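All remarks here apply to the structure that follows.
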Amino acid sequence: MKNVETVFVKSKYLQLNELGCKFNLSFSSQLVLGDKVIALDGIKRKLLVWEVNSSLDAAYVIDLNQVSSITLRQIYRSINHGELKHKEIGEFLERTDLQFNYRNTDVTHVVTFYDNGKHPLSDRQKLERNAKIWQMVLSKMLEPKMEKLIMK
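Under numbering that gives the first Met the number 0, think of the first position of the sequence shown as 0, with each following residue one higher.
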């Protein structure tokens, strides 16, 4: 069974390399999120998002040079009175997303890291942690805001 999964992952990485060539990107890191793959070209500051079950044409690129902020969003289902006495807050989590907000426009892109309808509950903490790490790394790559000049 493990060999089948390894072959599956290797074939997806070959397709990811094809996408890199198509978009003229060279990836420094990538992450498989179940039904999608994200891959970062750190030098060009671009993030490729590819739905694994879709065709190669379904991929899109987020240009971090055009992004103003990256927000970690966690969406919870409603909590009935008294439920928190018996369950932890994480059990009510429906999705963990990274939201990319662009400069000078209202357009946003959302990349879902955890979706309780697609991922097992046992993967929740790992995927939440991955989302936080990617949010931190990608936010550091955003163009710096206007810094005050220090007069000597």
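Glycine is no exception: its CB is placed at the ideal position from the N, C-alpha and C atoms.
Small disclaimer: the values here were computed from a predicted structure and weren't measured.
Check: Touching by the beta-carbon criterion (3+ pairs, under 8 Å), the segment 74-91 and the segment 37-50; Outcome: no
Check: DSSP-derived helix/strand/coil call for I132; Outcome: helix
Check: Cα-Cα separation between M145 and K45, rounded to whole angstroms; Outcome: Legend: pLDDT at M145 = 46, less than 50; position of this residue unreliable, value from coordinates given subsequently. Approximately 21 Å, taken between the alpha carbons.
Check: Alpha-carbon spacing of S27 relative to I78, whole angstroms; Outcome: 41 Å
Check: K125 (DSSP reduced to helix, strand or coil); Outcome: helix
Check: Contact between the segment 86-104 and the segment 129-142 (3+ Cβ pairs under 8 Å); Outcome: yes
Check: Cβ separation of V60 and L47, assumed to be a contact under 8 Å, to the nearest whole Å; Outcome: 5 Å
Check: Straight-line gap, P209 to K139 (C-alpha atoms, nearest Å); Outcome: The structure shown does not extend to residue 209, since the chain is modelled only from 0 through 151, so no value can be given for it.
Check: Extent of the continuous beta strand (DSSP E) run through K45; Outcome: 45-50
Check: CB contact flag (D34, N52, <9 Å); Outcome: yes
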